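S.K.:
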Amino acid sequence: NAGVMQNPRHLVRRRGQEARLRCSPVKGHSHVYWYRQLPEEGLKFMVYLQKENIIDESGMPKERFSAEFPKEGPSILRIQQVVRGDSAAYFCASSPPNGNTGELFFGEGSRLTVL
Amino acid sequence: AQKVTQAQTEISVVEKEDVTLDCVYETRDTTYYLFWYKQPPSGELVFLIRRNSFDEQNEISGRYSWNFQKSTSSFNFTITASQVVDSAVYFCALRRGAGGTSYGKLTFGQGTILTVHP
């Protein structure tokens with residue numbers, strides 16, 4: 001049962017450290033999305049990637065955040081020099097190449113806590 | 001711009017009561033999709049339903065039903081005979097229908113916390 005796999009599930013970092021969150025999409029899915037859920041809020045779109053390409057990063061903060069989806073391996077969301085405001089749940093979702101119906105398959109999320 | 005409003009922040013009911021979760025959306029698109037997701041205490045997001053803007057038929061799935069009304073831009077969700085296991089945060093979401101780069105980009109509401117007491 002290879003759904004969207006995210007790790008780590010929980011990550012604790014001190015201010016100024018780097019956080020790396022990984023996402024393996026459903027097998028055969030070539031589209032990956034990252035969403036952020038701040039405490040007691042809904043999910044906010046961050047970035048949409050296809051293999052080796054960033055398609056839409058309109059929701060990404062301009063600094064410190066980056067994402068990639070290499071030809072081999074998982075998608076990575078990287079947050080440099082974390083601050084307390086980065087504490088949130090980060091969800092990855094994937095969809096198949098022809099999935100124009102918009103159904104996304106979500107992972108269980110990675111919860112980042114910045115001390 | 002797209003917007004989804006879930007005005008009910010929290011709802012508390014007793015088991016077996018019916019409960020309706022409201023969702024109002026704003027979009028200038030003529031083609032769009034609406035979704036409901038459930039987020040149980042464990043944190044994952046569970047897909048419940050997708051509805052496209054050309055299909056206003058109401059849908060029923062077991063104890064769940066959805067009422068889509070374009071005239072009022074609403075997509076409400078009703079749970080009949082609620083159970084404790086229904087306790088979760090429920091999110092309504094909207095997506096443009098244009099395809100291409102838009103199709104995974106959902107606009108979520110703030111969510112409604114539903115607590116069902118035994």
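Protein chains in written order, with the numbering used here: chain A, 1 to 115; chain B, 1 to 118.
No residue lacks a Cβ here, since even glycine has one placed at the ideal position from N, Cα and C.
Since this is a predicted model, take the numbers as computed values, not measurements.
#1: What residues from the stretch 41 to 58 of chain A come within 9 Å of chain B, judged by C-beta to C-beta, listed N to C?
#2: Please return the same chain residues whose Cβ sits closer than 8 Å to the Cβ of residue 53(B), not counting the five positions on each side in sequence.
#3: Show which residues of chain A have a CB atom less than 9 Å away from the CB atom of residue 21(B).
#4: Does any CB atom of chain B fall closer than 8 Å to the CB of residue 31(A)?
#5: Using CA coordinates, which residue listed in 64(A), 40(A) and 28(A) is at the minimum distance from residue 16(A)?
#6: Quick one: what's got a C-beta closer than 6 Å to residue 113(B)'s C-beta in the same chain, skipping five residues either side?
#7: In whole angstroms, what separates the C-alpha of residue 68(A) from that of residue 20(B)?
#8: What three-state label does DSSP hand residue 70(B) in the structure shown?
#9: Does the beta-carbon distance from residue 118(B) to residue 84(B) come in below 8 Å?
#10: Identify whether residue 56(A) lies in helix, strand or coil by the three-state DSSP scheme.
#11: Closer than 8 Å, CB to CB, is residue 91(A) near chain B or not?
#12: What's the gap between the Cα of residue 39(A) and the Cα of residue 90(A)?
#13: Near residue 18(A), what residues of its chain come up, given a Cβ to Cβ distance below 8 Å and the 5 sequence neighbours on each side ignored?
#14: Does the stretch 103 to 111 of chain B touch the stretch 37 to 55 of chain A, meaning 3 or more C-beta pairs lie closer than 8 Å?
#15: Buried or exposed, going by whether 16 or more other CB atoms sit within 10 Å of the CB of residue 61(A)?
#16: Helix, strand or coil: which one does DSSP assign to residue 15(A)?
#17: Short of 7 Å in beta carbon distance, which residues of its chain neighbour residue 15(B), apart from the five on each side in sequence? Order them along the chain.
#18: Between which two residues does the beta strand (DSSP E) harbouring residue 51(B) extend?
#19: Give me whichever residues DSSP pairs with residue 12(B) in a beta bridge.
#20: Can you find a C-beta in chain A that's less than 8 Å from the C-beta of residue 69(B)?
#21: I'd like to know if residue 108(A) contacts chain B, where contact means its C-beta is closer than 8 Å to some C-beta of that chain.
#22: State the DSSP-derived secondary structure class of residue 32(A), mapped to helix, strand or coil.
#23: Give me the Cβ distance between residue 2(B) and residue 94(B), rounded to the nearest whole Å; I'm assuming they're in contact under 8 Å.
#24: Can you grab the Cα-Cα spacing for the pair residue 111(B) / residue 9(A), in whole Å?
#25: Taking only beta carbons into account, state which residues of the stretch 36 to 49 of chain B come closer than 7 Å to chain A, listed in chain order.
M.R.: So, to answer that:
#1: If you check each beta-carbon in the stretch 41 to 58 of chain A against every beta-carbon of chain B, the ones closer than 9 Å belong to 41, 42, 43, 44, 45, 48, 55, 56 and 58.
#2: Against the second sequence, residue 53(B) aligns to sequence position 53. The beta carbon of residue 53(B) is closer than 8 Å to those of 29, 30, 31, 32, 33, 34, 70 and 97 in its chain, skipping five residues each way along the sequence.
#3: Your numbering for residue 21(B) matches position 21 in the second sequence. Correct list: empty, because the minimum Cβ distance to chain A is about 13 Å.
#4: As a working mapping, residue 31(A) is identified with position 31 in the first sequence. Yes, its Cβ sits closer than 8 Å to a Cβ of chain B.
#5: To locate residue 16(A), count along the first sequence from 1; it is residue 16. That would be 64(A), whose Cα lies nearest to the Cα of residue 16(A).
#6: Sequence index remark: in the second sequence, residue 113(B) carries index 113 (1-based). Excluding sequence neighbours, residue 113(B) sits near 10 and 89.
#7: Here residue 68(A) corresponds to residue number 68 of the first sequence, with the count starting at 1. Here residue 20(B) corresponds to residue number 20 of the second sequence, with the count starting at 1. C-alpha separation (whole angstroms): 40 Å.
#8: One-based indexing of the second sequence puts residue 70(B) at position 70. Correct three-state label for residue 70(B): helix.
#9: Here residue 118(B) corresponds to residue number 118 of the second sequence, with the count starting at 1. Here residue 84(B) corresponds to residue number 84 of the second sequence, with the count starting at 1. Result yes, Cβ atoms of residue 118(B) and residue 84(B) sit closer than 8 Å.
#10: Position 56 of the first sequence, counted from the start, is the residue given in the question as residue 56(A). When DSSP states are grouped into helix, strand and coil, residue 56(A) belongs to the strand group.
#11: Walking along the first sequence from the start, residue 91(A) turns up at place 91. Output row for residue 91(A): interface = yes.
#12: As a first step, residue 39(A) is located in the first sequence; it is residue number 39 there, counting from the start. As a first step, residue 90(A) is located in the first sequence; it is residue number 90 there, counting from the start. Put simply, the backbone Cα of residue 39(A) is about 11 Å away from that of residue 90(A).
#13: Residue mapping note: residue 18(A) aligns to position 18 of the first sequence, counting from 1. Here the set comprises 78, 79, 80, 81 and 82.
#14: Three or more beta-carbon pairs drawn from the stretch 37 to 55 of chain A and the stretch 103 to 111 of chain B are found closer than 8 Å, and the two stretches are therefore classed as touching.
#15: Translated into the one-based positions of the first sequence, residue 61(A) becomes position 61. Exposed.
#16: Indexing the first sequence from 1 puts residue 15(A) at position 15. Correct three-state label for residue 15(A): coil.
#17: Start at 1 with the first residue of the second sequence, and residue 15(B) comes out as number 15. Correct list, in chain order: 82, 83, 84, 116, 117 and 118.
#18: Along the second sequence, one-based indexing puts residue 51(B) at 51. In the DSSP assignment, residue 51(B) falls within the unbroken beta strand (DSSP E) covering 46 to 52.
#19: Taking the second sequence and counting its residues from 1, the one referred to as residue 12(B) is at position 12. Beta-bridge pairing links residue 12(B) to 115(B).
#20: Your numbering for residue 69(B) matches position 69 in the second sequence. Interface criterion not met: the Cβ of residue 69(B) is under 8 Å from no Cβ in chain A.
#21: Position 108 of the first sequence, counted from the start, is the residue given in the question as residue 108(A). Chain B, which has a Cβ nearer than 8 Å to the Cβ of residue 108(A), makes this yes.
#22: The residue given as residue 32(A) occupies position 32 in the first sequence. Three-state DSSP puts residue 32(A) in a strand.
#23: As a position in the second sequence, residue 2(B) is number 2, starting the count at 1. As a position in the second sequence, residue 94(B) is number 94, starting the count at 1. Your pair residue 2(B) and residue 94(B) checks out as a contact, with CB atoms roughly 5 Å apart and the cut at 8 Å.
#24: By 1-based counting over the second sequence, the position of residue 111(B) is 111. By 1-based counting over the first sequence, the position of residue 9(A) is 9. Inter-residue distance for residue 111(B) and residue 9(A) is about 22 Å (C-alpha atoms, whole angstroms).
#25: Listed by position, the residues of the stretch 36 to 49 of chain B near chain A (Cβ gap below 7 Å) are 43, 44, 45 and 47.
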